[in-house]
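I have placed the structure first, in the form of structure tokens, so that the comments after it can refer back to it.
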Amino acid sequence: MKKSDLIELQQEIDKANHIVFLTGAGVSTHSGIPDYRSKNGIYNGVQESPENILSESTLYNRPEFFYQFVMNNMYFPDAKPNLIHQKIAQICNQKGDLITQNIDCLDTKAGNKHVTEFHGNLYNIYCTKCHYSISYEKYSQNYIHQNCGGIIRPDIVLYGESIKPETLTKSVEIMQKSDLVIICGTSFVVYPFAQLLAYRNEKAKIFSINKTKIPASGIKQIIGDALDVFKILN
Ligand SMILES: [Zn+2]
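Numbering-wise, the UniProt record's numbering puts 15 at position 15 of the sequence shown, and it's gapless, one number per residue.
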């Protein structure tokens with residue numbers, strides 16, 4: 001991590017008119033939320049990837065397995081926002097937007113009023129049969145809706161499902177009006193999220209803050225832990 005890069009980032013934040021943050025799992029690991037993409041589930045003694053498990057087909061054909069995986073690996077209802085969520089919230093509430101891949105609600109908990117949850121969130125839960133809204137407390141007891149026998153699911157985008165059109169439209173609008181793009185805590189390989197960069201304002205400056213280099217050209221890459229970077233930023 002070069003000190004001159006951090007100074008430059010701070011200057012760009014100060015002078016930007018509208019900032020967009022594009023964030024991923026690396027922001028929430030400091031709140032004790034592991035990256036579920038690195039987890040595997042066991043079904044019939046066979047290890048399965050999250051891509052397989054978190055699909056519509058598993059939800060309907062093996063609902064119990066889906067439910068166990070989600071409950072054991074994705075829900076952390078007691079997790080608290082960390083300094084990264086807080087500083088991003090502070091900046092967004094002043095002059096920016098956040099588009100996040102995270103589904104943990106920690107940005108909203110941090111008080112951020114400009115959150116677009118690209119992949120939905122775990123705490124919007126509904127019955128797939130009668131579309132009744134279900135609380136997390138109810139879902140944590142059973143995945144079958146007692147009223148109708150339908151399967152309950154979180155309103156997150158599963159592998160193979162499409163991003164909601166209104167979310168895409170809003171995200172593109174945000175990209176176009178922002179003169180500073182800060183990619184943070186994501187390896188930026190999940191599509192169509194990574195595609196958002198194609199919609200940026202042509203005048204926008206772009207930074208990434210991540211432990212590893214991300215596959216994008218023409219951007220300033222700060223390699224390191226996002227928490228160390230945000231501790232320094234004002
Ligand atoms: Zn129902």
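Cβ coordinates follow ideal geometry from the N, Cα and C atoms, glycine included.
Query raised in the report: How long is the line joining the alpha carbons of K205 and T108, rounded to whole angstroms?
Result: Here residue 205 is taken as the residue at index 205 of the sequence shown, counted from 1. Here residue 108 is taken as the residue at index 108 of the sequence shown, counted from 1. Taking the straight line joining both Cα atoms gives about 26 Å.
Query raised in the report: The alpha helix (DSSP H) with S57 in it runs from where to where?
Result: Here residue 57 refers to the residue found at position 57 when the sequence shown is read from its first residue. From DSSP, the alpha helix (DSSP H) with S57 extends over E56 to N61.
Query raised in the report: For ligand 1, is there a heavy atom less than 7 Å away from the beta-carbon of G185?
Result: In the sequence shown, the residue the question calls residue 185 occupies position 185. Result no, Cβ not under 7 Å from ligand 1.
Query - Proximal residues to N102 (C-beta, below 6 Å), its chain only, five neighbours per side dropped - result: What you label residue 102 is simply residue 102 of the sequence shown in a count that begins at 1. Same-chain partners within the cutoff: S28.
Requested in this report: Please confirm if the region 69-81 is in contact with the region 210-228, defined as three or more CB-CB distances below 8 Å between the two stretches.
Outcome: no
Requested in this report: Taking T23 and L106 to be in contact with their CB atoms under 8 Å, please state how far apart those CB atoms are, rounded to whole angstroms.
Outcome: Stepping through the sequence shown from its first residue, residue 23 is reached at position 23. Stepping through the sequence shown from its first residue, residue 106 is reached at position 106. With a Cβ gap of about 10 Å, T23 and L106 do not count as contacting.
Query raised in the report: With C-beta atoms as the reference, is R62 less than 8 Å away from Y36?
Result: Counted from its first residue, the sequence shown places residue 62 at position 62. Counted from its first residue, the sequence shown places residue 36 at position 36. Not a contact, by the Cβ cut-off of 8 Å.
Query raised in the report: Would the C-beta of N124 count as close to ligand 1, meaning under 7 Å from any of its heavy atoms?
Result: One-based indexing of the sequence shown puts residue 124 at position 124. False, no ligand heavy atom lies under 7 Å from that Cβ.
**Report entry** Counted within 10 angstroms of its Cβ, other Cβ atoms place E117 as buried (16 or more) or exposed
**Finding:** Taking the sequence shown and counting its residues from 1, the one referred to as residue 117 is at position 117. Taking all protein chains in view, the Cβ of E117 is crowded by 16 or more other Cβ atoms within 10 Å, so the residue is classified as buried.
Report task. Identify which residue in V115, D104 and Y139 has its Cα closest to the Cα of E64. Result -> Along the sequence shown, one-based indexing puts residue 64 at 64. With distances taken between Cα atoms, E64 lies closest to Y139.
Query raised in the report: Cα-Cα, which of E161, H119 and C92 is closest to D104?
Result: For the purposes of this step, residue 104 is taken as residue 104 along the sequence shown, with counting starting at 1. For the residues E161, H119 and C92, the minimum Cα distance to D104 belongs to H119.
Query raised in the report: For I223, which of S133, G185, E202 and K231 has the nearest alpha-carbon?
Result: Here residue 223 refers to the residue found at position 223 of the sequence shown. Measuring from the Cα of I223, the nearest candidate turns out to be G185.
Query raised in the report: With a CB to CB cut of under 7 Å and the five nearest residues on each side skipped, what residues in its chain are close to K170?
Result: Start at 1 with the first residue of the sequence shown, and residue 170 comes out as number 170. A distance below 7 Å between beta-carbons, with the five flanking residues on each side excluded, links K170 to the following residues of its chain, in chain order: T116.
Query raised in the report: If you compare alpha carbons, which of L180, K213 and T212 is closest to E12?
Result: Residue 12 sits at position 12 when you count from the first residue of the sequence shown. Selected option, being the one with the closest Cα: L180.
Requested in this report: Please list, following the chain, all residues that have a C-beta closer than 7 Å to any non-hydrogen atom of ligand 1.
Outcome: C127, K129, C130, Y132, H145, N147, C148 and G150
Query raised in the report: What's the call for K87, buried or exposed, on a 16-neighbour Cβ count within 10 Å?
Result: Looking up residue 87 in the sequence shown gives position 87. The residue in question, K87, is buried, as its Cβ has 16 or more Cβ neighbours within 10 Å.
Requested in this report: Keeping to the same chain, check which residues put their C-beta closer than 6 Å to that of T128; ignore five residues upstream and five downstream.
Outcome: One-based indexing of the sequence shown puts residue 128 at position 128. Contacts found: G150, I151 and R153.
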